[in-house]
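Each residue of the sequence shown is one higher than the one before, counting from 189 in my numbering.
In this text, a Cβ means the ideal position worked out from N, Cα and C, and glycines have one as well.
For clarity, every value in this text was computed on a predicted model and none was experimentally measured.
Take a look at the structure below.
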Amino acid sequence: MRHQVPLRQTPAYALRCYPLGEADLIIVFYTYNFGCVRSVARGARRVRSRFGSAFQPFTQSELVFFEKEGQDLTRVASCEVARSFYESLLTPESAALAAYFAELMTEFTVERDPNPALFRLISAVFEAVEGGIPLPVAARYFEIWMLQLSGFLPLLTSCANCGTQLEAARWAVGHPPEFVCRECHRQFAGSRLLSPAGTALLKEILKKKPQEVAEGAGHDAQAVHRLATVNRLLIRGHIGKELRTVRYLDRLRRGTRKLRFHAASPTSDHPPSGRSIAH
């Protein structure tokens, strides 16, 4: 009797693609029902692929895949586009943002660990980008909620070192990633100040939708920049390294364009040329 291979169906976002052989792709999906899933799409690199644009970064689709017991890679049976943010990701800045988000997702999630709230976060942020939210505000929103939903956002009310109540300003430290008070931050090399305005922005992100944040505390460009510096420290402290896309965005901000990347390509995981948008 022939063994029946289970079929799984779920809403999914394509995060990254990698070439496999001459005609196939490995796609990293974040799915609503199964979390992060890696799947092979046969013939996806061919000019007349039946999958069309389904694997463009952060395209939402209805994914059907096969899985076999004992195998890490699944196989795409079908992938029907439900919603595309392609038009919002045509600029170098927005495409770089998508590449940054994809790297955050792959670093902060593990395979087969579903988090529906994280799936909804992707939808909310890209809908806001489509609606014209400033890209740095979108980046801060995504970073804070990625930390929060992963359980890594430090306690905001009291100093992690001495336990005193934190004032409007606080300092972030990276080892371990925590917030500390004015007195304690001197004990930690490389601490970063989060100003009262930056703290207000962080708290607003945790309470409001992306567009509401952009219309409120997100108007303060200096606060957005301060929070970017702090988020970068917290993220690096948790994953133990600097994200590759962040290093590339730094190069763009400094005006260095020695490397050419094309994030819109379905076989690439690098951001395209363009000025930095993450800071």
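message = Along the chain, where does the alpha helix (DSSP H) containing ARG308 start, and where does it finish?
response = 304-318
request  = Assign THR417 to one of three DSSP states: helix, strand, or coil.
outcome  = helix
key: Local conformation of CYS372 per DSSP, three classes   = helix
ask   = How is PRO280 classed by DSSP in three states: helix, strand or coil?
value = helix
ask   = Per DSSP, what kind of secondary structure is ALA326 in: helix, strand or coil?
value = helix
task = Tell whether a beta-carbon distance below 8 angstroms holds between LEU335 and LEU431.
result = no
query = Do you know offhand how far SER241's Cα is from VAL269's?
reply = 8 angstroms
ask   = Can you give the Cα-Cα distance for PHE222 and PRO302, rounded to whole angstroms?
value = 5 angstroms
Straight-line Cα distance separating GLU371 from PRO245 = 44 angstroms
message = Assess contact between the segment 221-240 and the segment 301-316, defined as three or more Cβ pairs (one per stretch) separated by less than 8 angstroms. Is contact present?
response = yes
message = Among the candidates GLY425, ILE393 and CYS350, whose CA atom is the shortest distance from the CA of HIS373?
response = CYS350
query = Can you tell which of PHE314, GLU366 and ILE321 has its C-alpha closest to the C-alpha of MET346?
reply = Position check: residue 346 holds Ser in this sequence, whereas Met was assumed. The shortest C-alpha separation from SER346 is found at GLU366.
ask   = Any contact of the segment 256-265 with the segment 388-402, i.e. 3+ C-beta pairs under 8 angstroms?
value = no
ask   = If LEU390 and ILE332 are in contact, beta carbons under 8 angstroms, what's the gap, nearest whole angstrom?
value = 6 angstroms
message = What does the alpha-carbon distance come out to for the pair THR219 and ALA326?
response = 21 angstroms
ask   = Who are the Cβ neighbours of ALA200 in its own chain at under 6 angstroms, not counting the five residues just before and after it?
value = PHE217, THR219, SER249 and LEU251
message = Please classify ARG247 as buried or exposed, where buried requires at least 16 neighbouring CB atoms within 10 angstroms.
response = The amino acid at residue 247 is misidentified as Arg; the sequence shows Thr. Counting Cβ neighbours within 10 Å, THR247 comes out buried, since at least 16 surround it.
query = First and last residue of the alpha helix (DSSP H) that includes THR387?
reply = 384-395
Three-state class that DSSP yields for GLU331 in the structure shown = helix
ask   = What number of angstroms, rounded off, separates the C-alpha of PHE289 from the C-alpha of PRO194?
value = 31 angstroms
query = Can you tell me the Cα-Cα spacing of SER379 and THR387, whole angstroms?
reply = 15 angstroms
ask   = Among VAL313, ALA356, ILE321 and ARG238, which one has its Cα closest to the Cα of ALA265?
value = ARG238
inquiry  = If I measure Cβ to Cβ from TYR274 and keep anything under 8 angstroms in the same chain, skipping five residues before and after, which residues do I get?
reply    = SER241, GLN244 and THR247
key: Extent of the continuous beta strand (DSSP E) to which GLU268 belongs   = 262-271
message = Quick check on DSSP: helix, strand or coil for ALA229?
response = strand
task = Taking all protein chains shown into account, decide if GLU291 is buried (16 or more other Cβ within 10 angstroms of its Cβ) or exposed.
result = buried
query = Assuming LEU213 and ARG233 make a contact with CB atoms under 8 angstroms, what is their CB distance in whole Å?
reply = 6 angstroms
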